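A.B. asks: Sharing a structure below in structure tokens format, with a few things to ask.
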Amino acid sequence: MKLTDEQRLLLDGGAGDTVAKYFRLLVEWGRVMGAERLVKVDSVHASGITASGRVASAVNREAAQKTLAQVLEFTSVPMRAPTATHVARICLEDDKGGGVTDEDKAFQQLIIERARRAGIQLTWTCAPYVAGILPSKGQICAWTESSAVVYINSMIGARSTRNGAESAIAAAMSGWFPEFGVLRDENRGADLIIDVEHAPGTELCEWGFLGYFAGEVSGLGTPVFTGLPSPSQEAAKQLSAAVATGGGCSMFHIAGVTPEAPDLAAVVHRPVQRIRYTRSDRDRIASKLNTLTSSQIDYVVLGCPHATLEEVRTISARLEGKKIFPGVRLEIWTAWSVKAVAQRMGLVQVIEAAGGKVLTDSCPSITRAGFGKRMVTNAVKQANYLQGMTGHEVAVGTLDQVMSAATTGVWSGN
Ligand code: F3S
């Protein structure tokens with residue numbers, strides 16, 4: 001890989017040993033991935049800047065101390081690219097507790113202070129684009145949240161590979177990233193055409209079912225959809241999250257809609273397989289994601305990936321004058337900046353008056369602190385991960401079905 005004089009200086013410790021250590025990892029990784037050069041990074045979404053949650057309590061103190069040491073190292077140097085935080089493993093306002101001790105909270109407070117001083121934007125969200133972090137077409141990003149990587153690659157035409165904590169923080173510290181994968185023009189074409197015959201309409205769960213299907217059939221490849229209208233931000237969020245849940249995609253195209261796909265020919269550069277998405281595909285995915293053994297539910301989770309202001313507004317309007325069913329817990333997860341606006345609008349107060357919670361900085365799959373045994377949601381990703389993380393029975397349905405379950409305790413979906 002060719003390095004400039006400026007990059008060589010970083011590698012040789014010109015900006016200190018910590019930067020050199022992480023930059024060396026990045027350069028080595030780039031070599032392995034076949035990158036020929038490093039390119040300037042415009043935006044970083046960094047994970048791992050968090051205390052370990054319940055791990056810190058007792059389960060594995062050694063791992064917790066290691067995590068803290070790593071975060072202290074991450075935050076010991078100023079960032080060279082705008083850097084926003086992914087979710088934390090602790091929600092400081094979650095009254096469920098989930099085994100989080102005062103010591104865990106003190107860890108998190110320390111990390112917050114260190115990250116602030118390092119110049120990191122404390123967004124604590126998996127959907128930075130709902131909190132105002134929105135790169136432009138063609139900008140180079142090092143983002144960690146898989147759904148957000150898919151969103152910015154596909155809907156905006158920004159460029160990010162899928163990152164882990166170390167590669168993203170190395171990009172933030174150095175300001176550079178190795179150019180490989182979807183950062184290069186020739187790797188942004190479609191590998192598969194999906195003709196959408198069962199239209200998702202306006203229900204967000206339907207965009208999730210379609211995305212999960214597309215992820216399953218695409219694996220690590222890039223699908224291009226035909227027959228889809230331009231999705232709302234909320235629908236695109238579900239599609240992006242589900243594509244990265246059903247498979248390992250970094251991006252998709254929608255012919256005639258997304259910025260790099262004015263038509264099929266613009267993204268299909270070689271003969272590729274063509275398949276259909278039908279009603280029976282939709283039903284198979286919905287049934288695969290429904291593991292409820294009873295229609296009595298006790299947990300409702302919305303806001304995965306984190307809810308937009310419009311989602312919070314819609315949920316709040318549906319709860320006006322209503323009450324959450326006794327024994328059922330409703331949680332809406334969002335970025336704290338979105339919650340702040342929703343509070344100003346009185347939306348959070350309506351949700352809380354009904355007995356619901358608006359929580360920030362994390363989600364049940366990340367904190368591993370769920371409630372009850374049977375959870376329903378409109379988000380394919382939360383259903384998929386929560387059942388694996390906490391053993392909840394789950395189901396995915398429309399917002400009507402989810403809100404009805406919240407106020408009656410009974411699931412009537414799928
Ligand atoms: Fe967001 Fe991932 Fe949770 S997308 S809501 S942090 S499972």
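Residue numbering for the sequence shown is 1 to 414, as defined by the numbering used here. Glycine is no exception: its CB is placed at the ideal position from the N, C-alpha and C atoms. All of these numbers come straight from a predicted model, not from anything done at the bench.
(1) Tell me, to the nearest whole angstrom, how far the beta carbon of A127 is from that of P305; I am working on the premise that it is less than 8 Å.
(2) Is A58 helix, strand or coil when you go by DSSP?
(3) Under 7 Å Cβ to Cβ from H269, same chain only, skipping five residues before and after it: list those, please.
(4) Write down the C-beta distance between H45 and A148 rounded to the nearest angstrom, noting that I regard them as a contact closer than 8 Å.
(5) Among residues of its own chain, excluding the 5 on either side of E331, which ones have a beta-carbon nearer than 6 Å to its beta-carbon?
(6) Buried or exposed, going by whether 16 or more other CB atoms sit within 10 Å of the CB of G30?
(7) Across which residues does DSSP place R40 in a beta bridge pair?
(8) Go through its chain and collect everything with a Cβ distance to K373's Cβ below 7 Å, but skip five positions before and after it.
(9) What does a CB cutoff of less than 8 Å around G16 pick up in its chain, not counting 5 residues either side in sequence?
(10) At the level of alpha carbons, what is the spacing between H198 and S43?
(11) Would you give the residue range spanned by the alpha helix (DSSP H) that Y385 belongs to?
(12) Between A51, R284, D281 and P223, which lies nearest to T258 when the distance is taken from Cα to Cα?
(13) Answer with buried or exposed for D12, where buried requires no fewer than 16 other C-beta atoms within 10 angstroms of its C-beta.
(14) Run through DSSP, which three-state label would R188 get?
(15) Which class does V100 belong to by DSSP, given the choice of helix, strand or coil?
(16) I want to check one thing, is the minimum distance from the CB of E145 to the heavy atoms of the ligand F3S below 7 Å?
(17) Taking the alpha helix (DSSP H) that A242 falls in, what are its first and last residues?
(18) Near S294, what residues of its chain come up, given a Cβ to Cβ distance below 7 Å and the 5 sequence neighbours on each side ignored?
(19) Rounded to whole angstroms, what's the CA-CA distance from S160 to G14? Just pull it up for me.
(20) Would the beta-carbon of I366 be found less than 7 Å away from any heavy atom of the ligand F3S?
(21) Buried or exposed for T4, please, with buried defined as at least 16 other CB atoms from any protein chain shown within 10 angstroms of its CB.
(22) Span of the alpha helix (DSSP H) holding C205?
(23) In angstroms with no decimal places, state the Cα-to-Cα distance between F74 and F177.
(24) Can you look up Q139 in the DSSP assignment and give me helix, strand or coil?
(25) Measuring CB to CB, does A171 end up less than 8 Å from L72?
(26) Look at the alpha carbon of D94 and the alpha carbon of S154, and state the distance between them as a whole number of angstroms.
(27) Does K457 come out as helix, strand or coil in the three-state DSSP assignment?
(28) What would DSSP say about E320, mapped onto helix, strand or coil?
(29) Thinking C-beta only, is E179 closer than 8 Å to A35?
(30) Within the present structure, is the beta-carbon of A317 separated from the nearest heavy atom of the ligand F3S by less than 7 Å?
(31) Can you find the residues in the same chain that come closer than 7 Å, C-beta to C-beta, to T245, ignoring five residues on each side of it along the sequence?
(32) What is the rounded straight-line gap between the Cα of V19 and the Cα of F325?
(33) Taking the CB atoms as reference points, tell me whether E310 and G303 lie closer together than 8 Å.
(34) Spell out the partners DSSP gives D195 in its beta bridges.
(35) With DSSP as the reference, please indicate the residues paired to T334 in a beta bridge.
C.D. replies: With the structure as the only source:
(1) 4 Å
(2) For A58, the predicted structure reports a pLDDT of 49, less than 50, and the residue's modelled location is therefore unreliable. The matter cannot be settled from this model.
(3) G189
(4) 6 Å
(5) V301, K357 and L359
(6) buried
(7) Here residue 40 turns out to be Lys, not Arg, going by the sequence shown. K40 is bridged to W176.
(8) D298, H392 and E393
(9) V77
(10) 36 Å
(11) V380 to T390
(12) P223
(13) exposed
(14) coil
(15) coil
(16) yes
(17) Q233 to G246
(18) R374
(19) 27 Å
(20) yes
(21) exposed
(22) L204 to S218
(23) 17 Å
(24) coil
(25) no
(26) 33 Å
(27) This structure gives no information on residue 457, because the portion of the chain shown stretches from 1 to 414.
(28) coil
(29) yes
(30) no
(31) Y212, G215, V380, K381 and N384
(32) 52 Å
(33) no
(34) T226 and R276
(35) A307 and T360
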